[in-house]
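My numbering puts the sequence shown at residues 8 to 644.
The C-beta atom is built at its ideal place from N, Cα and C for all residues, glycine as well.
Keep in mind that this is a model prediction, so the values were computed, not measured.
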Amino acid sequence: MVTKVLHTGNIAVAFATVAQAAADVSLTGGAGAVITSALSALEIFKKAKPEDRELAKIMADAAQTHLRQAHVTGDRRKIVIQMMALHTASYEDMAKGNMDAPTVAKNICAQIKATAKDSEHRSATALANYQALLVAILTPLLEPPNASEAMQQELLRRTEVSGEAQRLRDIGITEKAIIRLAGRITTETDDVGQAWLDLQYAMDIAVRVQAEGQIQSHHGDFVDTVLKRVAELAKDGEYATASDEIDVALSQAEAQMTRLLDSGVEVALMDRNTAKAATLLVRKADMEAGGIAEFEAQRTLRSHYYEVGRDKGRNLDSALAIDLARLVLARATTADERGTAGNDLGNALLSLGERDSDTARLEQAIIAYTEALKERTRKRVPMDWAMTQMNLGNALLSLGERDSDTARLEQAVTAYTETLKESTRKRVPMQWAMAQMNLGNALLALGERDSDTARLEQAVTAYTEALKENTRDRVPMGWAVTQMNLGSALATLGERDSDTARLEQAVTAYTEALKERTRERVPMQWAMTQMNLGNALLALGERDSDTARLEQAVTAYTEALKECTRDRVPMQWAMTQSNLCSVEVAFFDRTHDPAHLDRALDYMNAAKEVFVSAGASQYRSMAQQQLDKISALRDAP
8 MVTKVLHTGN
18 IAVAFATVAQ
28 AAADVSLTGG
38 AGAVITSALS
48 ALEIFKKAKP
58 EDRELAKIMA
68 DAAQTHLRQA
78 HVTGDRRKIV
88 IQMMALHTAS
98 YEDMAKGNMD
108 APTVAKNICA
118 QIKATAKDSE
128 HRSATALANY
138 QALLVAILTP
148 LLEPPNASEA
158 MQQELLRRTE
168 VSGEAQRLRD
178 IGITEKAIIR
188 LAGRITTETD
198 DVGQAWLDLQ
208 YAMDIAVRVQ
218 AEGQIQSHHG
228 DFVDTVLKRV
238 AELAKDGEYA
248 TASDEIDVAL
258 SQAEAQMTRL
268 LDSGVEVALM
278 DRNTAKAATL
288 LVRKADMEAG
298 GIAEFEAQRT
308 LRSHYYEVGR
318 DKGRNLDSAL
328 AIDLARLVLA
338 RATTADERGT
348 AGNDLGNALL
358 SLGERDSDTA
368 RLEQAIIAYT
378 EALKERTRKR
388 VPMDWAMTQM
398 NLGNALLSLG
408 ERDSDTARLE
418 QAVTAYTETL
428 KESTRKRVPM
438 QWAMAQMNLG
448 NALLALGERD
458 SDTARLEQAV
468 TAYTEALKEN
478 TRDRVPMGWA
488 VTQMNLGSAL
498 ATLGERDSDT
508 ARLEQAVTAY
518 TEALKERTRE
528 RVPMQWAMTQ
538 MNLGNALLAL
548 GERDSDTARL
558 EQAVTAYTEA
568 LKECTRDRVP
578 MQWAMTQSNL
588 CSVEVAFFDR
598 THDPAHLDRA
608 LDYMNAAKEV
618 FVSAGASQYR
628 SMAQQQLDKI
638 SALRDAP
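What follows is the structure, given as structure tokens:
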């Protein structure tokens with residue numbers, strides 16, 4: 008079975024091999040003999056590289072089978088084989104055709120029609136036959152069987168469209184190397200935006216490694232030779248072998264180590280081997296210290312990658328920060344160092360864990376914080392203890408929001424409550440406010456799952472407390488976030504209350520938040536706040552006898568759509584369409600104007616299309632229920 012990792016660069020190689028085999032055969036014999044000879048696995052294997060032979064055989068068999076089944080006879084077969092020899096499919100063709108077999112085949116035939124010197128190749132019959140052959144061969148190779156390979160195709164398409172692939176090819180980096188970079192990244196995330204960000208970073212590293220291999224330095228021939236060899240291996244995607252070359256060189260040239268260490272880190276990062284990169288970075292720090300690097304110097308090294316990974320959203324840097332934190336913890340010698348390093352490890356794990364689709368790193372973060380608290384005791388270092396309790400609460404909250412039960416959320420409430428025993432308003436007012444806000448978040452998450460409103464009322468109290476220090480003058484964005492969260496708690500309460508007081512308060516809180524959460528400053532957060540404001544207005548409008556609040560809800564949702572576009576955030580766009588559908592249904596309940604149902608139908612059909620495409624079965628079911636409701640309303644007498 009051919010793996011689809013070959014459906015990119017290797018397709019071009021193997022297809023060219025098939026075509027060359029065809030070109031080498033005399034076309035004077037019978038058509039059947041020509042096909043058998045030109046497309047036989049034996050002839051192809053003589054020319055194909057070992058790694059391309061299986062794919063070449065499949066393509067040859069597919070071509071031969073198609074020509075027979077298509078009843079292409081005589082000279083027509085000869086012409087098609089000639090066209091295979093002269094007009095091969097390249098990786099660039101694949102990319103321009105968006106990895107879609109019919110599109111690739113159509114584009115290639117259009118090029119032949121425009122440029123071929125032989126008039127027989129430009130005939131409608133020859134082009135139709137060749138296009139059919141290309142579609143038959145390429146379809147099973149270009150259709151990814153799973154989400155990971157589909158993402159790899161998308162990443163490779165983006166490298167072509169953005170010009171990044173050409174940038175790499177211009178300095179000698181092969182298709183194989185580009186494919187391997189993309190392939191490694193698709194195993195680490197199911198978020199294509201995150202994967203593209205990581206791939207861009209990896210490609211930048213690849214360019215630096217090639218540049219380093221060309222430098223003639225004062226370190227002497229030995230280092231230059233090693234780095235040139237590393238660059239050559241990296242060009243072809245042989246990252247593990249290149250990394251081994253660095254290891255051998257390091258053992259032979261301690262005095263010339265710095266440059267080799269830097270390159271070793273880069274190559275290890277291209278290989279997605281963050282543990283090895285961390286080891287080399289610590290080794291370099293030790294060398295520069297003339298022994299064992301000081302604890303704070305090691306922490307500074309970890310902090311750099313932690314902050315870059317957190318602020319730029321780069322998973323590779325975040326993973327490297329985790330491995331560095333583990334090394335720092337292993338080297339800690341005192342209770343203070345062990346407590347600090349354990350807390351740092353928890354922070355690194357939490358940062359990446361919040362972006363992961365699974366919960367493994369969040370679970371590890373909880374363990375790291377719990378271990379750190381054995382050293383950071385309340386009696387010995389009360390403020391450090393409180394900070395780690397806060398961090399533990401954050402990890403528990405993040406995990407609890409994904410769990411179906413509430414155990415982790417209850418533990419988060421406990422951790423934040425412990426924090427407040429030392430992080431008092433009088434002693435550390437801003438940390439106290441942060442703890443109150445986080446406590447509110449945990450209580451809100453619990454309250455949304457509880458049938459009664461006690462937790463929600465407690466969340467409102469916590470957010471209100473936080474606003475005593477998180478003032479607009481002091482921390483405008485922090486104030487806006489607190490107002491936003493307060494609005495969410497009030498809105499949830501309001502949806503359960505019989506009167507509208509809490510919903511009115513929620514509208515006020517969201518409106519306040521928008522004073523600092525502006526579109527110019529934070530466009531996506533502004534859009535999210537507009538969406539929440541629309542939800543609160545819709546809930547009010549569904550209870551009012553007039554339509555004023557419904558009109559305001561439409562305005563808020565329409566504003567949100569200025570940033571929540573279908574191209575950028577399709578699921579949020581679809582949810583907004585769904586909300587607009589609900590508004591139109593509410594309008595119909597007031598006015599009985601069927602035009603509102605027509606608009607509601609349009610909104611929900613648009614939303615359902617995205618839900619189906621995303622495989623979001625729960626939302627798709629919700630959309631269908633709403634469509635059924637609309638149909639029932641239209642059919643009602």
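- Query: How many angstroms separate the CA atom of Leu453 from the CA atom of Glu472?
  - Reply: Straight-line Cα distance between these residues: approximately 19 Å.
- Using beta-carbon positions only, say whether Asn448 and Ala466 come within less than 9 Å of one another. Cβ atoms of Asn448 and Ala466: closer than 9 Å.
- Task: Could you check what DSSP says for Thr478 in three-state terms: helix, strand or coil?
- Result: If DSSP states are grouped into helix, strand and coil, Thr478 belongs with coil.
- Message: Using 9 Å as the threshold, is the C-beta distance between Asp254 and Gly271 below it?
- Response: yes
- Task: Work out the CA separation of Leu403 and Met360 for me, nearest whole Å.
- Result: Note that residue 360 is Gly in the sequence shown, not Met. Near 11 Å, if we compare the C-alpha coordinates of Leu403 and Gly360.
- Does the Cβ of Asn153 have 16 or more other Cβ atoms within 10 Å, making it buried, or fewer, making it exposed? exposed
- Can Gln579 and Ala534 be called in contact, C-beta distance under 9 Å? yes
- Query: For Met8, which residues from the same chain have a beta carbon less than 8 Å from its beta carbon, with the 5 sequence-adjacent residues on both sides left out?
  - Reply: Only weak support exists for where Met8 lies, its pLDDT of 24 falling under 50; the coordinates are left without a value.
- How many angstroms separate the CA atom of Thr525 from the CA atom of Leu640? 39 Å
- So is Ser628 buried or exposed if we call it buried at 16+ other beta carbons inside 10 Å? exposed
- What separation, rounded to the nearest whole angstrom, lies between the Cα atoms of Ala375 and Asp324? Going by the C-alpha atoms only, they are around 19 Å apart.
- Local Cβ density within 10 Å of Gly297, reported as buried at 16 or more and exposed below that: Around the Cβ of Gly297, a 10 Å sphere holds fewer than 16 other Cβ atoms; the residue is exposed.
- Message: In whole angstroms, give me the CA-to-CA distance for Met390 and Thr307.
- Response: 21 Å
- Item | Segment limits, alpha helix (DSSP H) that includes Val289 | 281 to 296
- Three-state secondary structure (DSSP) of Leu640: helix
- Do Asp197 and Ser411 have their C-beta atoms within less than 9 Å of each other? Taking the C-beta atoms as reference points, Ser411 is found no nearer than 9 Å to Asp197.
- Roughly how many angstroms separate the alpha carbons of Trp486 and Glu502, rounded to a whole number? 24 Å
- Item | C-alpha gap between Asp343 and His311, whole angstroms | 21 Å
- Query: Relative to the alpha-carbon of Ala108, which residue among Ile180, Leu463, Leu141, Tyr610 has its alpha-carbon at the smallest distance?
  - Reply: Nearest option by C-alpha distance: Leu141.
- Query: What is the rounded straight-line gap between the Cα of Thr536 and the Cα of Val111?
  - Reply: 43 Å
- Pick out whichever of Met538, Ala184, Arg321 has its Cα sitting closest to the Cα of Glu566. Met538
- Task: Spatial neighbours of Lys56 within its chain, please: CB distance less than 6 Å, with the 5 preceding and 5 following residues excluded, ordered by chain position.
- Result: Because the pLDDT at Lys56 is just 49, under 50, the model does not fix this residue reliably, and the value given afterwards should be weighed accordingly. Taken in chain order, the list of residues that qualify is empty.
- Query: If you run the structure through DSSP and keep just helix, strand and coil, what is Asn354?
  - Reply: helix
- Query: Along the chain, which unbroken stretches of the alpha helix (DSSP H) at least 4 residues long are found entirely within the segment 172 to 249?
  - Reply: 182 to 193, 199 to 221, 228 to 242
- Can you give the Cα-Cα distance for Gly320 and Lys283, rounded to whole angstroms? Each residue's alpha carbon lies about 21 Å from the other.
- Query: Under a three-way DSSP split, which group does Asn445 fall into?
  - Reply: helix
- Item | 8 Å Cβ shell around Arg462 - same chain, five flanking residues per side excluded | Leu450, Leu451, Leu453, Gly454
- Message: So for Ser495, helix, strand or coil by DSSP?
- Response: Note: Ser495 maps to helix in three-state DSSP.
- Item | CB contact flag (Glu476, Arg432, <9 Å) | A contact, by the Cβ cut-off of 9 Å.
- Query: With 16 as the cutoff for other CB atoms within 10 Å, does Asp125 come out buried or exposed?
  - Reply: exposed
- Item | Reference Tyr564, options Asp553, Arg575, Cys588, Asp551, closest by Cα | Cys588
- C-alpha distance - Gln632 paired with His603, whole-angstrom precision: 17 Å
- Message: Just to confirm the assignment, what range does the alpha helix (DSSP H) spanning Cys571 have?
- Response: It is not in any alpha helix (DSSP H) - Cys571 carries neither H nor E in the DSSP assignment.
- Query: What's the gap between the Cα of Leu334 and the Cα of Thr286?
  - Reply: Spanning the two alpha carbons is a distance of roughly 8 Å.
- Taking buried to mean at least 16 other C-beta atoms within 10 Å of its own C-beta, is Gly36 buried or exposed? Only weak support exists for where Gly36 lies, its pLDDT of 36 falling under 50; the value from the coordinates is given anyway. It is exposed - the Cβ of Gly36 has fewer than 16 other Cβ atoms within 10 Å.
- Query: Where Thr10 and Arg556 are concerned, what is the direct C-alpha to C-alpha distance, given to the nearest angstrom?
  - Reply: Note on Thr10: pLDDT 29, under 50, position unreliable in the model; no value is reported.
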